[in-house]
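Trainee:
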Amino acid sequence: MLDAFGQPQSIVVLGGTSDIAGAVVDRLCARRCRTVVLAGRDAERLAESAARAEEAGAERVAQVVVDATDVPGAAASVERCFAAAGDVGAGGDGNVDVVLVAVGVLSGREDELDAAHAARVAAVTYAWPVAAITRAAALLAEQGYGRIVVLSSVAGVRVRRANFVYGSAKAGLDAFARGLGDALQGTGVSVQVVRPGFVRTKMTEGMPAAPFATTADAVADVVVAGLGTPASVLWAPPVLRAVFAVLSRLPAAIWRRLPG
Ligand SMILES: NC(=O)c1ccc[n+]([C@@H]2O[C@H](COP(=O)([O-])OP(=O)(O)OC[C@H]3O[C@@H](n4cnc5c(N)ncnc54)[C@H](OP(=O)(O)O)[C@@H]3O)[C@@H](O)[C@H]2O)c1
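Here it is in structure tokens:
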């Protein structure tokens with residue numbers, strides 16, 4: 009159960025090997041989170057993330073192998089994560105306080121020309137998360153409480169030439185999550201959308217940093233602070249809210265020519 013400050017005792021992370029998710033789990037486990045379920049596609053990387061969570065203070069850590077290209081399997085994967093929380097959570101209530109959705113793959117120019125690449129980006133970044141969140145919302149509603157935190161992106165606020173396949177997936181996911189949040193009013197379950205800008209993680213390795221570039225730790229600080237609030241949308245860093253209020257209104261001819 010989330011305490012008065014929004015700090016959870018248990019979390020399911022979809023994208024459990026994500027750098028941003030790792031920084032969030034570090035912070036939550038340093039507080040009072042003791043049960044962590046990490047879902048990811050690679051058992052070895054999952055084991056490393058699990059060891060990191062234990063080092064941060066988690067007492068019960070479960071790893072669930074899931075592949076986000078398997079969209080029809082998303083609901084069953086989420087059920088396995090909740091079951092794992094129940095199994096390892098014997099010392100707590102076995103419930104899930106927070107579901108953090110950190111799955112995603114960035115697209116590049118090659119995706120524009122390759123239908124299979126584009127479909128993979130759309131599946132992993134949009135379709136699988138939509139199906140997974142839908143099932144998670146139903147399971148949390150059965151509990152009567154819980155928070156779903158969805159890592160969206162400023163890339164979806166106004167889609168850019170450089171990564172429009174990814175941006176379009178984030179735009180869809182962001183809209184879906186906000187709509188779901190409205191639909192869940194009164195159930196005890198809430199949805200929080202987080203819109204980071206450019207974050208230095210393995211996803212952006214080797215890429216030139218964009219203005220207002222930030223770190224996984226800084227995004228995690230925003231996420232953890234946000235858990236204590238009912239805000240439906242968080243920006244990381246927060247200044248991006250004002251920046252995008254302006255950028256969203258730029259004429260298309262200028263927007264198209266922006267570098268990146
Ligand atoms: N970095 C940024 O600039 C930035 C900005 C805005 C939003 N975000 C969003 O923040 C979230 C976390 O990103 P990050 O920066 O922490 O990058 P990251 O470390 O690459 O995290 C992405 C996560 O998605 C997982 N994933 C990718 N394909 C998968 C698949 N087929 N099946 C299962 N899992 C899969 C990755 O697993 P593996 O470890 O196995 O690859 C990883 O856990 C993503 O949704 C991303 O779109 C990132």
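The working numbering numbers the first residue of the sequence shown as 9 and each following residue consecutively. Built from N, CA and C at the ideal position, the CB exists for glycine as well.
1) If you compare alpha carbons, which of Cys-37, Gly-164, Asn-103 is closest to Ala-64?
2) My guess is that Ala-55 and Leu-108 are in contact by the Cβ rule of under 8 Å, so how many angstroms apart are they, rounded?
3) Pull up the CB-CB distance for Val-45 and Ala-93, whole angstroms please, since I reckon it's below 8 Å.
4) Check whether the segment 165 to 183 and the segment 210 to 225 are in contact - that is, three or more C-beta pairs closer than 8 Å.
5) Rounded to the nearest angstrom, what separates Glu-87 and Arg-249 at their Cα positions?
6) Could you check the C-alpha separation between Ala-228 and Leu-121 for me, to the nearest Å?
7) Give me the Cα-Cα distance between Ala-83 and Tyr-153, rounded to the nearest whole angstrom.
8) I need the straight-line Cα distance from Ala-217 to Glu-150, nearest angstrom please.
9) Could you tell me which of Phe-220, Thr-142, Gly-234, Thr-237 sits nearest to Ala-191, measuring between CA atoms?
10) Relative to ligand 1, is the shortest distance from any of its heavy atoms to the C-beta of Ala-110 smaller than 7 Å?
11) Indicate the three-state DSSP secondary structure (helix, strand or coil) for Ser-198 in the structure shown.
Mentor: In short:
1) Cys-37
2) Not a contact, Cβ separation roughly 19 Å.
3) 5 Å
4) no
5) 35 Å
6) If I take the Cα positions, the gap works out to 34 Å.
7) 19 Å
8) Pairing Ala-217 with Glu-150, the inter-Cα distance amounts to about 42 Å.
9) Distance check between Ala-191 and each of Phe-220, Thr-142, Gly-234, Thr-237 places Thr-142 closest, using alpha-carbon atoms only.
10) yes
11) DSSP, reduced to helix, strand and coil, places Ser-198 within a strand of the structure shown.
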